[in-house]
Each structure stands twice: as C-alpha cells, then as structure tokens.
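Per the working numbering, the sequence shown starts with residue 10, numbered consecutively.
The C-beta atom is built at its ideal place from N, Cα and C for all residues, glycine as well.
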Amino acid sequence: LLARGAVDAGVSVLLAPRASRLPLPSATSGPPAPASGEAGRPVGRRELLLGAAAGPASGWLLGAGRAGAEEPSQAEFLVIAGAFAELDSDPDRAGAREALEGAEATLGEAIARFEGPLNRSQEERAALRLGRARARVLQNDLARGTRPEKAALAVEDLDVVVGIMEDDFKRNPGKALYSEYPDALVRRGLAKEELKEWQGAVDDYSRAIAMWRPREGEEVGMGVNPLVLNFRGNALSQLRQFEPAVLDYEEAAAMFRTDGLLREASISLSNAALALYGSDREDEAVILMLDIVRKDPGVTDMHVALAAVNWGAGKVGKAESEWQFACERINTGCQAYKDADWVANIRRWPPNLAAKLQNFLSRSSGADALLAEVVEARTPDAWSFLR
Numbered sequence: 010l011l012a013r014g015a016v017d018a019g020v021s022v023l024l025a026p027r028a029s030r031l032p033l034p035s036a037t038s039g040p041p042a043p044a045s046g047e048a049g050r051p052v053g054r055r056e057l058l059l060g061a062a063a064g065p066a067s068g069w070l071l072g073a074g075r076a077g078a079e080e081p082s083q084a085e086f087l088v089i090a091g092a093f094a095e096l097d098s099d100p101d102r103a104g105a106r107e108a109l110e111g112a113e114a115t116l117g118e119a120i121a122r123f124e125g126p127l128n129r130s131q132e133e134r135a136a137l138r139l140g141r142a143r144a145r146v147l148q149n150d151l152a153r154g155t156r157p158e159k160a161a162l163a164v165e166d167l168d169v170v171v172g173i174m175e176d177d178f179k180r181n182p183g184k185a186l187y188s189e190y191p192d193a194l195v196r197r198g199l200a201k202e203e204l205k206e207w208q209g210a211v212d213d214y215s216r217a218i219a220m221w222r223p224r225e226g227e228e229v230g231m232g233v234n235p236l237v238l239n240f241r242g243n244a245l246s247q248l249r250q251f252e253p254a255v256l257d258y259e260e261a262a263a264m265f266r267t268d269g270l271l272r273e274a275s276i277s278l279s280n281a282a283l284a285l286y287g288s289d290r291e292d293e294a295v296i297l298m299l300d301i302v303r304k305d306p307g308v309t310d311m312h313v314a315l316a317a318v319n320w321g322a323g324k325v326g327k328a329e330s331e332w333q334f335a336c337e338r339i340n341t342g343c344q345a346y347k348d349a350d351w352v353a354n355i356r357r358w359p360p361n362l363a364a365k366l367q368n369f370l371s372r373s374s375g376a377d378a379l380l381a382e383v384v385e386a387r388t389p390d391a392w393s394f395l396r
C-alpha cells in the first residue's frame, strides 16, 4: 500500500475477490510425493503445475492438449514446480538473483514446449506465462528498478495471458467471469508501473475494478479489492490526477474499515492526505494527517509528513517532535525517509511535500555550514580563548 505494491508477498491473496479473499496455495518447496487432492485422490501432472502456479486446477479455461501429443513427464513437472518455488523464496537470501534468473529460464523452456510440440491447454500456458512474468518483475524489484527490460518482458507475458482469457470469453460469451481474469489485469498494471506507464496501469486497474463491481441487473458483484483501489490511486497521482485518486483512497479506506482492517484503512487515508497535498488542498491534507495520527499513532508516514509541513511553516518544535516520534517511538523507524529517491519514486510523495521534507532533513547540515562560515570569517586571535 505504501509503495507500488509487490506482485508477490501476499498479493495473490489480496487480489482475490473481496467476498472470498482466501489464501491461495503456493509452492514453497518441491511437491510431496505422493501428493493427493480432494478425498485423497492422487494429484495429476496438470494439477501439479497449476497448483504450483496459483492454486488447484479451477477449469477457468477450456481446451486440452492435442490428442495423441507427447505428454510431459513427471520429472518435467517437478522441475517446473521447483521454478515456482523459487518465486516464493526470500528475495533477500544469498543467490536470489541467480535463482530468479534460473526460474525464468526454466519457465521459458517449459513455455516453448507447452506452446510448441506438446500443444498443452490454454490454462497451463497461461499459468507458465504468469510464473515467468513474476520471475521477471522480481528481478527488476531486486535490482531496485534498474532492470526495466525485465518489467517490459513481464508485460509481454501478461499480454499473452490476458489475450488467452479475452479469447476464451469471445468463444464462450455466456461464460461466468472467473477471478483470474481481473487478477491478470492487475498484475499487468503493476508491471506497467515499473515502466512508469501510468496511464496503461490505470487502464488495467480500471478494467479489473469494473469487473468486480455488480453488472447491470446484478445486486452483488465479485467485490472490489480495496488494495487495487490504492494501486489505481497511486498511478493516478503520478498523472497528477489527484481528485479521482482521493476518491479511490477514500473508497478503499471505507472497505478496509468494514472488513475490520483499521491499519490498512489508515494507510489508505494517508495516501488520500498525500493526494490532497499534491492537489494544493494543503489545509485539508493537514487536517486529515492530524486525524490519522490521533486515531492511529503508529502510521509513520503521517508523522514524517507533519514534520515536513511544520518545518515549512516555521514551527520548529512541532516538526522536531513529529520526527522524533517517527524515529524513536514507532518500530518501523524513519530511516527510509532520509532517502530522497525512495520518498519520490517508491513512496511517491507529491513533489511539493517531498521538497519540504528535504528542507527539513537538510536542517542540521545547513546549520553546520552556517557555523563554518562564521568561524572562517573570524580572525585567529578572536578565537584565542579556545586554545
């Protein structure tokens, strides 16, 4: 929520329809042998792949491999499952970059076979493409955005996945909407954000949100995911479309409150406060910031924002107090906010507030420089009492 939002780290759960946001199984190690599914029946190779990718085989796409075509071996499926396991491993572990590159290569080889000589089902092809897209996005994230070519390749994979699903609905116009479709759109939107393709991200998020809302004649839809409202608000803010961004953040906050997720509601409102500040509605933004820290003192972002605002208003004592609270009384601390690049490009504060924070952070160095100028201007004799 506070930053761009990772494609992984639990996002699979959060991208599920709001009405049924349950954890999806993921492969954190090689599949056990023998594996079993419902009622103790053995899990087939196809389910092994789909289970490693996202969850049990859902039958969300129609079609199977060509009759009489070569079947993938059990060993091949296990290698693929191992690649998916790498995507769920600790990204800070030693050798993570090499492991992700290996997973990308393994899934690439599988895609070539499943889409070529094996002619496997569309569902399996989509699962593999989704996995490779994850591997590519994770590599860019691990490199702190310095490998945008990986994000671009991820978008290409996700284009194929979305195309498969769109074609499925064209061939089956009466088919009920399945949650994997908006999920793929959101994942593509997140990948586009890494390329700073803000409008493209907004478009994908908007399509997903529209799918989740009730259709004409329906009383209840799949349920909009409030996390994705935050994603869209973040992308809109980058386009300086702050007003609609505020609406997204407020709707997300209301949903989180309804679900009893009060910290998530506070963070959504923090995003709204930043958007208000960016749209030059500074007084409204400050009122909201104060309300947030009063109700939820543990939101570091708003204490740091208030430190910057108070410093800009000449309220030195209040500025220092808010900063000290953020640094010393909240376990997340304030270290990240000392990184101007993180504030601007990861947390994505509006430029006018980010500039005030930098002014606040430069206060000590500025004072030291002023003292140095004064000392240099003095004659040596004037400081003889220090000898």
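- Item | Given residue 121 as reference, the closest of 94, 149, 89 once Cα atoms are compared | Counted from its first residue, the sequence shown places residue 121 at position 112. Minimum Cα distance to residue 121 is reached at 89.
- Under 8 Å by Cβ, that's how I've got residue 284 and residue 255 pegged, so tell me the actual separation to the nearest angstrom. Residue mapping note: residue 284 aligns to position 275 of the sequence shown, counting from 1. Residue mapping note: residue 255 aligns to position 246 of the sequence shown, counting from 1. Between the beta-carbon of residue 284 and that of residue 255 there is about 5 Å, and that keeps the pair under the 8 Å contact cut.
- Hey, out of 241, 340, 304, whose CA is closest to residue 271's CA? Reading the sequence shown from its first residue, position 262 is the one you call residue 271. Ranking 241, 340, 304 by Cα distance to residue 271 puts 304 first.
- Cβ of residue 269 less than 8 Å from any chain D Cβ? As a matter of chain content, chain D is missing from the structure shown, which is built from one protein chain.
- Item | Buried versus exposed call for residue 248 [16 or more other C-beta atoms within 10 Å across all chains shown] | Taking the first residue of the sequence shown as 1, we reach residue 248 at position 239. Exposed.
- Relative to the C-alpha of residue 220, which residue among 234, 208, 210, 207 is closest? If you number the sequence shown from 1, residue 220 lands on position 211. Residue 234 is the option with its Cα nearest to residue 220.
- Message: Applying the 10 Å Cβ sphere with the 16-neighbour rule, what's the burial state of residue 170?
- Response: On the sequence shown, residue 170 is found 161 positions in, with the first residue counted as 1. With 16 or more other Cβ atoms inside 10 Å of its own Cβ, residue 170 counts as buried.
- Message: DSSP three-state label for residue 288, please.
- Response: Along the sequence shown, one-based indexing puts residue 288 at 279. Note: residue 288 maps to coil in three-state DSSP.
- CA-CA distance, residue 216 and residue 209? The residue given as residue 216 occupies position 207 in the sequence shown. The residue given as residue 209 occupies position 200 in the sequence shown. In this structure, the alpha-carbon of residue 216 lies about 11 Å from that of residue 209.
- Return the chain-ordered list of same chain residues with a C-beta closer than 8 Å to the C-beta of residue 107, the five sequence neighbours on each side being excluded. Along the sequence shown, one-based indexing puts residue 107 at 98. Within the same chain, residue 107 has no close Cβ partners at all.
- Item | Residue range of the alpha helix (DSSP H) that includes residue 91 | Translated into positions along the sequence shown, residue 91 becomes position 82. It spans 83 to 96 - the alpha helix (DSSP H) in which residue 91 sits, taken as one unbroken run.
- Look at the alpha carbon of residue 2 and the alpha carbon of residue 80, and state the distance between them as a whole number of angstroms. Lying before the first or after the last residue shown, residue 2 is absent from the chain, which here runs from 10 to 396.
- Item | Residue span of the alpha helix (DSSP H) that contains residue 188, given as start and end | For the purposes of this step, residue 188 is taken as the residue at position 179 of the sequence shown. Judged by DSSP secondary structure, residue 188 falls outside any alpha helix (DSSP H); it is assigned neither H nor E.
- What residue range is occupied by the uninterrupted alpha helix (DSSP H) comprising residue 174? Position 165 of the sequence shown holds residue 174. Element bounds for residue 174: 157 to 180.
- Just checking my contact of residue 140 with residue 200 at CB under 8 Å: how many whole Å lie between their CB atoms? The residue labelled residue 140 in the question sits at position 131 within the sequence shown. The residue labelled residue 200 in the question sits at position 191 within the sequence shown. Cβ atoms of residue 140 and residue 200 stay farther apart than 8 Å, at about 14 Å.
- Task: Identify every run of the alpha helix (DSSP H) within the stretch 253 to 306, keeping only runs that are complete inside it and at least 4 residues long; order them along the chain.
- Result: Runs found: 271 to 287, 291 to 304.
- Task: Return the first residue and the last residue of the alpha helix (DSSP H) that residue 134 is part of.
- Result: Here residue 134 corresponds to residue number 125 of the sequence shown, with the count starting at 1. Start and end: 131 to 151.
- Are residue 204 and residue 147 touching if we call contact CB-CB under 8 Å? Mapped onto the sequence shown, residue 204 falls at position 195. Mapped onto the sequence shown, residue 147 falls at position 138. Result no, Cβ atoms of residue 204 and residue 147 do not sit closer than 8 Å.
- Message: The alpha helix (DSSP H) that contains residue 6, what's its start and end?
- Response: Residue 6 cannot be examined here, being either before or after the span of the chain that is shown, 10 to 396.
- Message: Cutting at 6 Å between CB atoms, please list the residues of its own chain near residue 257, excluding the five before and the five after it.
- Response: Taking the sequence shown and counting its residues from 1, the one referred to as residue 257 is at position 248. Counting only Cβ-Cβ distances below 6 Å, and skipping sequence neighbours, we find 238, 241, 242.
- Message: Taking only three categories from DSSP, how would you classify residue 195?
- Response: Here residue 195 refers to the residue found at position 186 of the sequence shown. Helix.
- Euclidean distance between Cα positions of residue 344 and residue 195: Locating residue 344 in the sequence shown gives position 335, counting from the first residue. Locating residue 195 in the sequence shown gives position 186, counting from the first residue. Between the C-alpha atoms of residue 344 and residue 195 there is a straight-line separation of about 30 Å.
- Item | Residue burial classification, residue 363 (beta-carbon count within 10 angstroms, cutoff 16) | For the purposes of this step, residue 363 is identified with residue 354 of the sequence shown, where counting begins at 1. Residue 363 is classed as buried because its beta carbon has at least 16 other beta carbons within 10 Å across all chains shown.
- Task: Taking only the alpha-carbon atoms, compute the straight-line gap between residue 119 and residue 154 and give it to the nearest angstrom.
- Result: Residue mapping note: residue 119 aligns to position 110 of the sequence shown, counting from 1. Residue mapping note: residue 154 aligns to position 145 of the sequence shown, counting from 1. Answer to the nearest angstrom: the Cα atoms are 27 Å apart.
- Message: Using 8 Å as the threshold, is the C-beta distance between residue 298 and residue 316 below it?
- Response: By 1-based counting over the sequence shown, the position of residue 298 is 289. By 1-based counting over the sequence shown, the position of residue 316 is 307. Pairing residue 298 with residue 316 gives a Cβ-Cβ distance that is not under 8 Å.
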